[in-house]
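Visitor:
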Amino acid sequence: ISTSRIEELALQLKEKYTIIIVTHNMQQAVRISDNTAFFLLGELVEAGETEKLFSQPVDKRTEDYITGRFG
11 ISTSRIEELA
21 LQLKEKYTII
31 IVTHNMQQAV
41 RISDNTAFFL
51 LGELVEAGET
61 EKLFSQPVDK
71 RTEDYITGRF
81 G
């Protein structure tokens, strides 16, 4: 099954269910999630609405990760 098919299914299911997806693929997180949490070494660094977290991260570690400075 392709990634796009799985993402399509997740988008359908999220209308009825809460779905938690763990991914290192930032583009995938943006495409299919409403809320995102960033963990680093087991610590919750930042969480919030996906669009805001990716466009205006509060924590420098989050910004560094989503911009590819580390990870």
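In this text, residue positions in the sequence shown follow my numbering: the first is 11, and each later residue adds one.
Don't be surprised by glycine CBs; every beta carbon is placed ideally from N, CA and C.
#1: Helix, strand or coil for residue 49 per DSSP?
#2: Quick check on residue 25: does DSSP put it in helix, strand or coil?
#3: Where does residue 32 sit, in a helix, a strand or coil, going by DSSP?
#4: Below 8 angstroms CB to CB, which residues in the same chain sit around residue 49 once its five sequence neighbours on both sides are set aside?
#5: Just checking, does the region 16-26 make contact with the region 58-65 on the three C-beta pairs under 8 angstroms criterion?
Guide: This is what the structure holds:
#1: Against the sequence shown, residue 49 aligns to sequence position 39. Note: residue 49 maps to strand in three-state DSSP.
#2: For the purposes of this step, residue 25 is taken as the residue at position 15 of the sequence shown. Residue 25: coil per DSSP, three-state reduction.
#3: What you label residue 32 is simply residue 22 of the sequence shown in a count that begins at 1. Correct three-state label for residue 32: coil.
#4: By 1-based counting over the sequence shown, the position of residue 49 is 39. Correct list, in chain order: 55.
#5: no
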